[in-house]
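Student: Got a structure for you, questions after.
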Amino acid sequence: MSRRFALASLLALALLALPLAAAADVETADVADALAEVRADLQAARLDRAIAALDVLAARAELSESERIEIFALRAQAKEATGALDGVEEDYRRILALEPGFEPDPASTGKRARERFEKARAALVGTLEIAVDPADAAILVDGRVLVPGGDGRARVLAGSRSVRIERKGFDPAEFVLDVPPGGSAPLRVDLVPNARTLVLRTEPEGVEVAIDDVVVGTTARPDAADPVVRATRPAELVLEAVPAGEHSLTLSRPCFRTVRIREIVAVDVLDRSAKVIGPVILQAARTPLEFREAPPAGELRVDGERVADFPSERPVELCAGERRIEVRSGGRTIWAETVDVPIGDPLTLDVRPRPNVVLVGAGRWPAELAALEGAWSTIAAVEVPAGADLATEEGWERVEIPVDADLAVAVLPRKGPAASDRFALRSPLLGTIAPFGTPPDPSRPRWTRADLGLQVVDAAGGGLVVVEVRPGGPAARASIVPGDRVRTVSGFAVPDRATWTRETAALPVGGEVSIEFVRDEAPQTASIAVEEAFRAGLVPADPLRRAVHAAWAAAVGAGGATEAAAAWIDLGVLLEQEGRAVPALAALRRSVWPARRGIGPGTVDYLVGRVLDAVGRDDEAREALARAAGSDARIHDDDGPEVAPAAADRLADLGVSR
Amino acid sequence: MIDRRALLFVVGACVSWGAAAETGAPETARDALRLARRLASENAAGANDAFAKVVSIDPTGPLADDALVERALLRGLALWPEDLGRVGAPAWEEARGWLEGAASIPGADRATEARYLLALGRLEPLPGREADAARRAFLSIASEDAQGAWGPRARYTRGWLDRAEGADERARRAWTRVVADAPRSDAAERARLGLGALDLAAGRPGRAALWAQEVVEEGSPLARPAAALRAAALLDVGRGSTPPRGFRRAEPGASMARSVSALAAAADGGWLAADRREGVVLRFDREGRPSGRWTVEEPTALAVDPYGRVVLAAGERLFHLDDRGVRPLGDLGRFASASAVAADAAGRIFVLDKRGDRVGLLEPGAGAVAPLRDDRGTRLAGLAVIGGRLFGVASRGEGWIGLSGKGIEEPVAAVPAESVAGFCIDPAGRVVALDEKTGGVTVVSRSGAIVERFDAKGRGVEEPTLVACGADGSLALLDGKSGALWRVDP
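Top to bottom, those sequences are chains A and B. If you count the first sequence from 1, position 621 lands on 621 in our numbering, and the numbers rise without skipping. If you count the second sequence from 1, position 26 lands on 684 in our numbering, and the numbers rise without skipping.
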């Protein structure tokens, strides 16, 4: 073989390989890209290459119908250019089988191709002449949607065709038609209605409508340019194609009584107009709110919205239903509860301040802690961060506790069937954690007691002896003197001081109580006014009780009622004992008292001085303690120890002699 | 000659033992302390050595302070000032060393307790008592451990010391502070009792009764003295409107011969009587029933010190009487056949000669009574220590007088009596004087006010010759004619 022949053979092989390589590309190329290249080939008159690519493309199985039609149309165009008119006709047949209404592009279709197209159409396609009532009914031919032209005509494949006419609210109609090639097949259909449109009108607007318990929409006033007109028109909701038959319509809106309507929807073949219902007037449903005791000064929030300020001149009413009611005072929530507000009868609530509690590690209160749930305001339930050990301070630092929370109750993972400490009480105020199995007493501490202005002790031989009578106090006004021996209170025998304390503690302040006593061996009776005395500064030692006490103190203090000043003292003392001097001082300084005997400004001065002394703020401590030492205030109780001697002793520590 | 291999073995064994002791010391010490505590709880003889072993195992370990403190407590140290006076000087000196050791261990958790016990021990009525050092220590502990248990105890004890020294207002301040700042502490309970005593002495019986009532309601061991204080206070509450005191003749067994020379109230609420002729000191319960006796020749004078210890002058010597028997304290010398004795919180014993003219003093640790003052012609009817100061009541004339130096000084109040046979100080700090001529009993306050007066003869006591004051305000009277003991209710 000569060298020249060998080179020529190699070139020929290369030329032969080019179309093969191009075909391989088209098999995998993006269809749109491949078609763009085909168009470029057609413009460049690379007809063989274009036809070869289109053949490969047409063989791909994943083509959409429109892609396939475009491929056939381009190939018909290419074949027309090569003069292969039979091939052109074959491609048009393929197109019409897919889309009987197809029209070739006149700009790229030559006369001979057009003729071949007409020939193919005359053999394959006929015309459907269709008239339907209602006109917007859907027409499906062999399951495919057919949209006739304005004259009601549409091309379809000749032969036996399955036609279905359907519309919501009408019974569907189905036919089989024989469409002649190149000819026409007429069809007129009047659908029979089976549903009706309802127009539901309500006053007020915004009423939620449910049909057969399925919410279908909300009424609204129709748009109108004139706002006056708009306001006077009733709100409405158009309900399309409500099936014939009996239906339940439920109309509801918060703060209104819910209305239920039974509606029978009938169908009139001749009258297809909408049926108007209403306007339905919904009656307002608001429940008067009453309080067991006068609420503290503050604001009332319902579902997060401020609805009243206390003290309020006007009565407070609530929308019926489940409501989140909050009372805020002193910059925080002091009472909160989710209440199912009934319709009609007044709702009576006791909104005296109580602690806010967060439930941690449980979505709802465990049954064992039901007493706690009822006594406090649950303001949140939070999850335990993964891996957080709630027996430790570090674990709690990862728990997001709301600002207003006075307590957090954690449900700890059960360690065993007999695990006694299943829960933990965290005091955000004190920074303490107390595990527990038996729930603490959640009840409210008392910062006041009934006061008769006398003190008694047990006599050695039995009975009670009056040992102190406060000058000017109720007992003094009733002429009781030390040495009198008390026999009864309100007719009940009081043989010892324990009984006396129990009987007098429950006396209503502001009333009077009858006392029988013996003086100089002669029985006597006196009526003594019951006044109020305070207790403050004597706090529990048990960690659980301390946490609960602090929570109550914070809530009651914020409530600003009679006991608030005493509650602040207790919170200050608890904080002081936990070594939290700064918040202790803040709490104590919120304890504001008028000038009075017993617990008062001097008590606060002593406690403030004590905290300041402990943290080394000697000058300030001296000032506070000097005021306390000059007062006749007491601590723990209005009749408790005097603070002046204790203050003087502290002053001596600070180098001040008195 | 020592075998070389044997020497190497011994050295090796020592090294390995030392290493083991080092690593196992805490565990070993823990076991040893456990054993020592068990022995201590059983009052077993080996407890002392067992505690010593704990310290030897790990001298600076975490349990060494426990062992040292508890070893010291084995010596019967007082936990409260009222319990002082029960240890002798040798026991205290031993305990002191251990307590100082515990207090000096760095980071010892019982260091404060050791310091408190050390300070309290310095108040023991023993030679070398260091009241000022104790006061400084209590001030320091109270300040440093204000939130703990020992701070309030130290502050309470400081108040007790103030009271013992007559600084009642300082005591009131300290005790009020304890009650205000640590109201639930054991120290507060004692402080309440102390405040009650102060209020009673200050003429506020109602408040005193209330303090006492609070302590009674606590139900602690202090309930008994609190009940006594309350009874004493109630005597003053509404005085005049209450029925007259009840007089009860004690059981026949309590009848004594006419030779009884001294009568005193015991710390347990009962009574003590010294019968000179019979050479016996008799104990009675609060109702006057005999409950014990000591045999001592020629007992002439009797007193109970602030710690409840019985001090007796008999013949030429002074004695302490307790459950263990009769212990000599010192020689009376010129004060033999003393007519009265009195003791203070510092352990000092004052002695009145048989004529009632001269006062002698026996300092703790001294072997003999030394003359303190000579007031010839005064004829004191007895002696008493109130708030750390010595008082007497003259049989005639001068009445109630303070005796703190040479010569008669500081008249306190007149005591209206023709001839004071004897007197005692009641819980409110008042003189209860018995007039042997009239048989009248008069209660006189410091201000000279006659608080109470009654005729013992009119109530059945034929010839009252001696009187004693109970802690609950009750009185004991000895009928010199019948030898009967009478109890006068509070």
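For glycine and all other residues, C-beta sits at the position ideal for the given N, C-alpha and C. Given the structure is predicted, the values throughout are model-derived calculations rather than measurements.
(1) Apart from the five residues just before and just after V509/A, which ones in its own chain have a Cβ nearer than 7 Å to its Cβ?
(2) Check for me: the alpha helix (DSSP H) holding F796/B runs from which residue to which?
(3) What residues in the segment 785-802 of chain B bring their beta carbon closer than 7 Å to a beta carbon of chain A?
(4) Give the secondary structure of D350/A by DSSP, where H, G and I count as helix, E and B as strand, and everything else as coil.
(5) Quick check: what's the CA-CA separation for E1094/B versus V968/B?
(6) Would you kindly report the start and end of the unbroken alpha helix (DSSP H) that includes K119/A?
(7) Going by the C-beta, is D741/B closer than 7 Å to any heavy atom of the ligand COA?
(8) Counting only C-beta atoms, is P864/B closer than 8 Å to chain A at any point?
(9) Would you report the Cα separation of F436/A and N356/A, rounded to the nearest angstrom?
(10) In the DSSP assignment, what residue or residues form a beta bridge with D451/A?
(11) V316/A bridges to which residues according to DSSP?
(12) Identify each residue in the segment 380-395 of chain A for which the Cβ-Cβ distance to at least one residue of chain B is less than 8 Å, and report them in chain order.
(13) For W833/B, name the three-state secondary structure that DSSP assigns.
(14) Which residues in the same chain have their Cβ closer than 7 Å to the Cβ of A21/A, if we skip the five residues on either side of it in sequence?
(15) So, at 8 Å on beta carbons, what are the nonlocal neighbours of V466/A in its own chain, with the 5 sequence-adjacent residues on each side left out?
(16) Between P602/B and chain A, is there a C-beta pair that is closer than 8 Å?
(17) Just the chain B side, please: which residues come within less than 7 Å of P641/A by C-beta, in chain order?
(18) Whether or not the segment 198-210 of chain A and the segment 233-246 of chain A are in contact is what I'm after, with contact meaning three or more pairs of Cβ atoms, one per stretch, closer than 8 Å; do they touch?
(19) Of all the CB atoms in chain A, is at least one closer than 8 Å to the CB of T681/B?
(20) Among the candidates R589/A, S631/A, D618/A and A506/A, whose CA atom is the shortest distance from the CA of G598/A?
(21) Hey, does D708/A have any beta-carbon neighbour from chain B nearer than 8 Å?
(22) When you compare only the Cα positions, how much space is there between A859/B and V409/A?
(23) Return the CA-CA distance between S490/A and A772/B, expressed in angstroms with no decimal places.
(24) Please say whether A73/A and L157/A have beta carbons closer to each other than 8 Å?
(25) Which whole-angstrom value is the C-beta distance of R1088/B and V1099/B, which I expect to be below 8 Å?
(26) Against chain A, which members of the segment 859-891 of chain B pass a CB distance test of less than 8 Å?
(27) Please list the segments of the beta strand (DSSP E) lying wholly inside the segment 575-623 of chain A, counting only runs of 3 or more residues, in order along the chain.
(28) Quick one: list the residues of chain A neighbouring V895/B, beta-carbon separation under 7 Å, in chain order.
(29) Check each candidate in R947/B, D716/B, R985/B and A1129/B and name the one with the smallest Cα separation from D689/B.
(30) Taking just the CA atoms, how far does L693/B sit from P720/B?
(31) Step through the CB atoms of chain B and report whether any lies within less than 8 Å of the CB of D653/A.
(32) Go to F310/A, then tell me how far its beta strand (DSSP E) extends in each direction, as first and last residue.
(33) Using a cut-off of 8 Å between C-beta atoms, extract the partners of R831/B located in chain A.
(34) Could you give the DSSP three-state label for E326/A: helix, strand or coil?
(35) Could you check if A679/B is buried or exposed, using at least 16 other CB atoms within 10 Å of its CB as the buried criterion?
(36) List the residues of chain A whose Cβ lies closer than 7 Å to the Cβ of P841/B, in chain order.
Tutor: Taking the structure as given:
(1) A450, V530, E531 and E532
(2) A789 to E802
(3) S801
(4) coil
(5) 25 Å
(6) K111 to L124
(7) As for the ligand COA, it is missing from this structure, which has no ligand bound.
(8) According to the sequence provided, residue 864/B is Gly. The question's Pro does not apply to it. With 8 Å as the cut-off, G864/B counts as an interface residue toward chain A.
(9) 19 Å
(10) E531/A
(11) L289/A
(12) none
(13) helix
(14) Caution is warranted here: a pLDDT of 47 is assigned to A21/A, below 50, making its placement in the model unreliable, and the coordinate value is therefore given only provisionally. Hits under 7 Å: none found.
(15) L454, Q455, V456, A475, I480, V481, P482, G483, D484, R485, V486 and F517
(16) Residue 602/B falls outside the range modelled here, since chain B spans only 659 to 1148, and no answer is possible.
(17) T834, V837 and A838
(18) yes
(19) Residue placement at T681/B is poorly supported in this model, since its pLDDT is 47, which falls under 50; the coordinates still yield a value, given next. For T681/B, the answer is no, since every Cβ of chain A falls outside 8 Å of its Cβ.
(20) S631/A
(21) Because chain A is modelled from 1 through 658, residue 708/A falls outside the range shown and cannot be assessed.
(22) 52 Å
(23) 54 Å
(24) no
(25) Not confirmed; about 12 Å, so no contact.
(26) P863, G864, R865, A867, L868, A870, Q871, V874, E875, A885, R888, A889 and A891
(27) none
(28) V465, V467, P482 and G483
(29) D716/B
(30) 16 Å
(31) yes
(32) E305 to F310
(33) P645, A646, A648, D649 and A652
(34) strand
(35) Because the pLDDT at A679/B is just 44, under 50, the model does not fix this residue reliably, and the value given afterwards should be weighed accordingly. Answer is exposed; the Cβ neighbour count stays below 16.
(36) L538 and H636
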